[in-house]
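Quick note on numbering: the sequence shown equals residues 1 to 189 in the working numbering. Cβ atoms here follow ideal geometry from the backbone N, Cα and C, with glycine treated the same way. Given the structure is predicted, the values throughout are model-derived calculations rather than measurements.
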Amino acid sequence: MSFLKFLQPEHEAAPPAKAPTGKPEPETVRRITVKLTGLPPERAAFLAAFAYILTRVAVADLDIDGAEADEMARQVEAFGGVPEEEAGLIVGMAVHEAVTGAGTDDFYVTRRFLELSTQEQRAQLLHCLFAVAAPGSDTISFEENKAIREISDELGFTLPELNEVRRGYAERMQVVQMARAAGEGEPVV
1 MSFLKFLQPE HEAAPPAKAP TGKPEPETVR RITVKLTGLP PERAAFLAAF AYILTRVAVA
61 DLDIDGAEAD EMARQVEAFG GVPEEEAGLI VGMAVHEAVT GAGTDDFYVT RRFLELSTQE
121 QRAQLLHCLF AVAAPGSDTI SFEENKAIRE ISDELGFTLP ELNEVRRGYA ERMQVVQMAR
181 AAGEGEPVV
């Protein structure tokens, strides 16, 4: 029950949008797609879910900095094939949903992306997650790495599949950097 309906029981909410599978669209995806009026509903849902999943990694360490927000917009623009302004709008809405929803829709949004995407798109998403976690030469924190692992699991990737992608970002992993600084050599990531 929505908070508005709780306060005003006579208020009749619109029925939730349905995904092609007949299941209700996750609220987070629905709220973003409503604002993407120029796109077909399924494409809008795909972009909304993609941006929201990127946001999960960016907020994992409880801080979204400008570099992460810029990288998310670049990823949405490139991956989604949308203009820069629209990519910024999509990311802004996804960040708002992630921050105000405190992760309540995480699993449902990722499941929706799984329904809308190909295996190749899901593999590309893993690379995008690492790019958002460490824009430029920044460090991928423990929390960001954990969020990527959770998303990877939700998308059906095995640990060896994730590690294959992760190896390309090993130099940016906080655990690797700390082990090197301590003189312990190369940890297994």
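Can you tell me the Cα-Cα spacing of residue i and residue j, whole angstroms?
i    : j    : result
F107 : L116 : 14 Å
H127 : V165 : 7 Å
L239 : A94  : Beyond the ends of the chain as shown, which are 1 and 189, falls residue 239; an answer cannot be given.
A60  : E144 : 5 Å
T55  : V91  : 8 Å
L159 : L39  : 35 Å
P135 : E71  : 6 Å
I151 : E161 : 13 Å
G80  : D65  : 22 Å
T139 : A133 : 8 Å
G156 : I148 : 12 Å
D153 : T118 : 16 Å
K18  : E171 : With a pLDDT of 47 at K18, under the threshold of 50, the modelled position of this residue cannot be trusted, and the question is left open.
A44  : L89  : 12 Å
M1   : P41  : Only weak support is given to the placement of M1: the predicted model assigns it a pLDDT of 32, under 50, and the value that follows is read from those uncertain coordinates. Those two C-alpha atoms are separated by around 24 Å.
G271 : K146 : Because the chain is modelled from 1 through 189, residue 271 falls outside the range shown and cannot be assessed.
E85  : E120 : 26 Å
R167 : A51  : 24 Å
Hey, could you find the ends of the alpha helix (DSSP H) residue i is sitting in?
i    : result
T110 : D106 to L116
L159 : L159 to R166
L39  : Looking at the DSSP string, L39 is not in any alpha helix (DSSP H), and its letter there is neither H nor E.
D153 : F142 to E154
L89  : E84 to G101
E120 : Q119 to A133
A69  : G66 to G80
Would you grab the beta carbon distance between residue i and residue j for me? Rounded to a whole angstrom, and I think it's under 8 Å.
i    : j    : result
F142 : Y169 : That belief does not hold up - the Cβ atoms of F142 and Y169 are roughly 14 Å apart, past 8 Å.
R112 : A49  : 5 Å
L125 : I53  : 7 Å
A73  : A58  : Contact doesn't hold; Cβ gap of about 11 Å is too wide.
V99  : L47  : Actually they are not in contact, since the Cβ atoms of V99 and L47 sit about 19 Å apart, beyond 8 Å.
Let's test the definition: count the other Cβ atoms within 10 Å of the Cβ of residue i and tell me whether it reaches 16, buried, or not, exposed.
i    : result
Q75  : buried
R180 : exposed
A78  : exposed
P16  : Unreliable placement is indicated for P16, whose pLDDT of 42 sits below 50; no coordinate value is reported for it.
M178 : exposed
D105 : buried
E97  : buried
V109 : buried
E68  : buried
G183 : exposed
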